[in-house]
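Undergrad:
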Amino acid sequence: MGASGGGDGGDRRRRPRARRRKRAARAAGRRRRAARRARPAGPRTRARRPAGGRRPAHGRGPRLGARRAAPRGAARALEAAVSARGRVCFFAPYLWPAFSRGAVPFAGGAETQQRALAVGLAARGFEVVVATCDYGQGARVETDGVTVLATHPPFAGWPGLRFVHPRLTGNLRALTAADADVYYARGAGLAAGLACDVAHARGAAFVFGTAHDRDTDPAMPDLRNPRDRWWARRALRGADLRIAQTESQRARYARDLGLDSVVVPNLVALPPAPADPARGRALVWLSTYKAAKRPEWFVELARRRPDRPCVMAGVVPPPPLTPAAWEAARRAAAALPNLEVRGHVDHARIGELFAEAALFVHTSPAEGFPNTLLEAWAHGVPALSVFDPDGVLAREGLGERVDSLEALAEAADRWWDDPARRAAAGARARAWVERHHAPGRVLDRVAELLDPLVARRRARRR
1 MGASGGGDGG
11 DRRRRPRARR
21 RKRAARAAGR
31 RRRAARRARP
41 AGPRTRARRP
51 AGGRRPAHGR
61 GPRLGARRAA
71 PRGAARALEA
81 AVSARGRVCF
91 FAPYLWPAFS
101 RGAVPFAGGA
111 ETQQRALAVG
121 LAARGFEVVV
131 ATCDYGQGAR
141 VETDGVTVLA
151 THPPFAGWPG
161 LRFVHPRLTG
171 NLRALTAADA
181 DVYYARGAGL
191 AAGLACDVAH
201 ARGAAFVFGT
211 AHDRDTDPAM
221 PDLRNPRDRW
231 WARRALRGAD
241 LRIAQTESQR
251 ARYARDLGLD
261 SVVVPNLVAL
271 PPAPADPARG
281 RALVWLSTYK
291 AAKRPEWFVE
301 LARRRPDRPC
311 VMAGVVPPPP
321 LTPAAWEAAR
331 RAAAALPNLE
341 VRGHVDHARI
351 GELFAEAALF
361 VHTSPAEGFP
371 NTLLEAWAHG
381 VPALSVFDPD
391 GVLAREGLGE
401 RVDSLEALAE
411 AADRWWDDPA
421 RRAAAGARAR
431 AWVERHHAPG
441 RVLDRVAELL
451 DPLVARRRAR
461 RR
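Under UniProt numbering, think of the first position of the sequence shown as 1, with each following residue one higher.
(1) How many whole angstroms separate the CB atoms of Arg342 and Val299, which I take to be in contact at a CB cut-off of 8 Å?
(2) For Pro265 and Gln249, what's the separation of their Cα atoms in angstroms?
(3) Is Ala51 buried or exposed, if buried means 16 or more other CB atoms sit within 10 Å of its CB?
(4) Starting from the Cα of Glu78, find the closest Cα among Ala411, Ala251, Arg234, Glu127 and give me that residue.
(5) For Ala348, does the count of other Cβ atoms within 10 angstroms reach 16, so buried, or fall short, so exposed?
(6) Assuming Arg349 is part of the alpha helix (DSSP H), what are its boundary residues?
(7) From what residue to what residue does the beta strand (DSSP E) around Val299 run?
(8) How far does the alpha helix (DSSP H) with Phe99 in it reach, from first residue to last?
(9) Taking only the alpha-carbon atoms, compute the straight-line gap between Ala182 and Ala174 and give it to the nearest angstrom.
(10) Kindly list the residues whose CB is nearer than 6 Å to the CB of Thr143, restricted to its own chain and excluding five residues on each side of it in sequence; keep chain order.
(11) If you count every other CB in all the chains shown that lies within 10 Å of the CB of Val446, and 16 or more means buried, which is it?
(12) Which same chain residues, not among the five before or five after Asp222, have their C-beta less than 6 Å away from its C-beta?
(13) Note down, in chain order, each residue of its chain lying with its Cβ closer than 8 Å to the Cβ of Arg430, except the 5 sequence neighbours on either side.
(14) Report the residue from Ala366, Pro97, Arg140 whose alpha carbon sits nearest the alpha carbon of Pro154.
(15) How would you label Leu171, buried or exposed, when you count the other beta carbons within 10 angstroms and need 16 or more for buried?
(16) Does the region 317 to 326 touch the region 386 to 394, meaning 3 or more C-beta pairs lie closer than 8 Å?
(17) Is it the case that the region 184 to 201 contacts the region 109 to 121, given that we only count it when at least three CB pairs across the two stretches are under 8 Å?
(18) First and last residue of the alpha helix (DSSP H) that includes Val454?
(19) Name the DSSP beta bridge partners of Val433, please?
(20) Please work out which residues of its chain come closer than 8 Å, Cβ to Cβ, to Arg229, disregarding the five sequence neighbours upstream and downstream, and give them in chain order.
(21) Under a Cβ-count criterion, where at least 16 other Cβ atoms within 10 Å of its own Cβ denotes burial, should Ser287 be classed as buried or exposed?
(22) Which parts of the region 388 to 425 are runs of the beta strand (DSSP E), unbroken and 3 residues or longer, counting only runs that do not cross its ends?
(23) Excluding sequence positions up to five away, which residues of its chain have a Cβ less than 7 Å from the Cβ of Ala291?
(24) DSSP has Ala205 in a bridge; who is on the other side?
(25) Does the separation of the CB atoms of Ala412 and Arg305 fall below 8 Å?
(26) Evaluate Asp197 with the Cβ neighbour count: other Cβ atoms within 10 Å of its Cβ, from every protein chain shown; 16 or more gives buried, anything less gives exposed.
(27) Mind reading off the beta-carbon distance from Arg212 to Glu367? Whole number of angstroms is fine, and I expect it under 8 Å.
(28) Name, in chain order, the residues that DSSP records as bridge partners for Gly314.
(29) What's the C-alpha gap between Leu64 and Pro159?
(30) How big is the Cα-Cα spacing for Glu247 and Gly440?
Following this line, the structure appears as structure tokens:
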């Protein structure tokens, strides 16, 4: 009891001192507030604590959430959308080369399509933002009516660590700064899943664009990393809208994944005047020099038909991807006088390539809807192709489908010997593209699909 009584007495003696300290602290606080009110209006040099008592997030990474992250690094937060039709963000890590006018020679079919969509939607009244890798173009660039935000250098960082930084941090920073009503990503993978998560965390909509038939495969054979498969599934199942390129893709989404989708054809611009395949001098191959595209088939065709001029052109994969297929084709051309191997052709000069063509040869066995087929048909050049999207090539007589190297060589003989057949098929191909893949028709359809998504997001914000 003695000890207990002594403790109580000490508490009583300390209480008056504690009360005096609290009163002094409150008085000091009142003096500071009075001094601040007495200062003249003007810019403050010290950040004020926001409502809720939390300190500003300067120096921290961007957050997933409705609150805009503090701008830092490459991407500054954009102003609130002012377009009546809303703001759309395309998240495409390798899209900048398609805007670079040949300065960065790497742009595939998916990138070509997304650039056309971005520019076309901007012309239809949408604010369009592209979040893409930093190729040295600058943190924020305005081009073709589109705002481009840099995310991170495409191949920067240490293996094993670069997923977090600079990739995840840079991507999140740019996507958050975009502050879009709708986010769009093309192709199943980590990028689509990340865009989906950012969109939904910010109360925006997410649109998934199909890039390849394999996007509809539940096994996701192109994605070896379990992390990427997990994020790809989140994108597919979480999308507010899924866009398929073909009816066969739409059917597989429904049958194999239980998901609905809308078919919107790829677009391609029609050149003012078609080529003349009846007078074309060469067989033409245009693709990316990689094993999946089977360029060796075309090389072997040139070897078997030494009297036929054969021209190859396309994208040479940059490091760390392998240029082995490109190098093999060049070695073969050194021994084959009838084979010419060219590198990247800027999109603005594709017409010069097709002006030489008697036939276009497509050797890749698996695709979505090959952009090169559309380009050939738009120029009025028929195709010999291993891949036939929705059976349109055979059904509409736009060329001939082949399933082996032997069949390709035999078909090339038949079509080479019949200039009138080439001319008729080329005319049908160009007319088909004009009816189904004209940019105006496709862009109007995409805009119609985006309008209700924007309206829904804005209604939630009121």
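We treat Cβ as the ideally placed atom computed from N, Cα and C, and that holds for glycine.
TA: Let me spell this out:
(1) Residue numbering aside, residue 342 sits at position 342 when the sequence shown is read from its first letter. Residue numbering aside, residue 299 sits at position 299 when the sequence shown is read from its first letter. Rounded, the Cβ-Cβ distance is 14 Å, inconsistent with contact.
(2) As a first step, residue 265 is located in the sequence shown; it is residue number 265 there, counting from the start. As a first step, residue 249 is located in the sequence shown; it is residue number 249 there, counting from the start. Distance between the alpha carbons of Pro265 and Gln249: 11 Å.
(3) By one-based count along the sequence shown, residue 51 stands at place 51. Summary for Ala51: the model assigns pLDDT 41, below 50, so the residue's position carries little reliability, and this model does not support an answer.
(4) Translated into positions along the sequence shown, residue 78 becomes position 78. Here residue 78 is Leu; the residue named in the question, Glu, does not match the sequence. When only C-alpha atoms are compared, the closest one is Glu127.
(5) In the sequence shown, residue 348 corresponds to position 348, counting from 1. Label assigned to Ala348: exposed.
(6) As a first step, residue 349 is located in the sequence shown; it is residue number 349 there, counting from the start. Note, Arg349: premise wrong, no alpha helix (DSSP H); not H, not E.
(7) As a first step, residue 299 is located in the sequence shown; it is residue number 299 there, counting from the start. Looking at the DSSP string, Val299 is not in any beta strand (DSSP E); the run it does join, the alpha helix (DSSP H), is 295 to 304.
(8) The residue you call residue 99 lines up with position 99 of the sequence shown. Here the alpha helix (DSSP H) through Phe99 covers 96 to 99.
(9) Residue mapping note: residue 182 aligns to position 182 of the sequence shown, counting from 1. Residue mapping note: residue 174 aligns to position 174 of the sequence shown, counting from 1. Here the sequence assigns Val to residue 182, which means Ala is not the residue at that position. Their backbone Cα atoms lie some 14 Å apart in a straight line.
(10) Stepping through the sequence shown from its first residue, residue 143 is reached at position 143. Here the set comprises Phe99.
(11) The sequence position of residue 446 within the sequence shown is 446, counting from 1. With 16 or more Cβ atoms within 10 Å of its Cβ, Val446 is classed as buried.
(12) Sequence index remark: in the sequence shown, residue 222 carries index 222 (1-based). Cβ within range, chain order: Arg214.
(13) The count along the sequence shown starts at 1 and reaches residue 430 at position 430. Excluding positions up to five away in sequence, the list reads Leu270, Pro274, Trp377, Ala378, His379, Gly380.
(14) What you label residue 154 is simply residue 154 of the sequence shown in a count that begins at 1. Cα-wise, what sits closest to Pro154 is Pro97.
(15) Position 171 of the sequence shown, counted from the first residue, corresponds to residue 171. For the sequence presented, residue 171 should be read as Asn rather than Leu. With 16 or more other Cβ atoms within 10 Å, it is buried.
(16) no
(17) yes
(18) Position 454 of the sequence shown, counted from the first residue, corresponds to residue 454. Run containing Val454: 439 to 461, per the alpha helix (DSSP H) assignment.
(19) The residue labelled residue 433 in the question sits at position 433 within the sequence shown. Per DSSP, none; premise fails for Val433.
(20) On the sequence shown, position 229 is the one that residue 229 refers to. Contacts found: Met220, Leu223.
(21) Residue numbering aside, residue 287 sits at position 287 when the sequence shown is read from its first letter. Answer is buried; the Cβ neighbour count reaches 16.
(22) 399 to 401
(23) Locating residue 291 in the sequence shown gives position 291, where the first residue counts as 1. Around Ala291: Ala325.
(24) On the sequence shown, position 205 is the one that residue 205 refers to. DSSP output for Ala205 lists Val182 as bridge partner(s).
(25) Residue 412 sits at position 412 when you count from the first residue of the sequence shown. Residue 305 sits at position 305 when you count from the first residue of the sequence shown. Yes, the Cβ-Cβ distance between Ala412 and Arg305 is below 8 Å.
(26) For the purposes of this step, residue 197 is identified with residue 197 of the sequence shown, where counting begins at 1. Answer is buried; the Cβ neighbour count reaches 16.
(27) Residue 212 sits at position 212 when you count from the first residue of the sequence shown. Residue 367 sits at position 367 when you count from the first residue of the sequence shown. The question names Arg, but residue 212 in the sequence shown is His. Going by Cβ atoms, the distance from His212 to Glu367 rounds to 7 Å, so yes, they are a contact pair.
(28) In the sequence shown, counting from the first residue as 1, residue 314 sits at position 314. For Gly314, which the question treats as bridged, DSSP gives the partners Ser287.
(29) Here residue 64 refers to the residue found at position 64 when the sequence shown is read from its first residue. Here residue 159 refers to the residue found at position 159 when the sequence shown is read from its first residue. Caution applies to Leu64, whose pLDDT of 39 falls short of 50 and renders its modelled position unreliable; the value that the coordinates give is listed next. Answer to the nearest angstrom: the Cα atoms are 25 Å apart.
(30) Position 247 of the sequence shown, counted from the first residue, corresponds to residue 247. Position 440 of the sequence shown, counted from the first residue, corresponds to residue 440. Glu247 and Gly440: Cα-Cα distance of roughly 21 Å.
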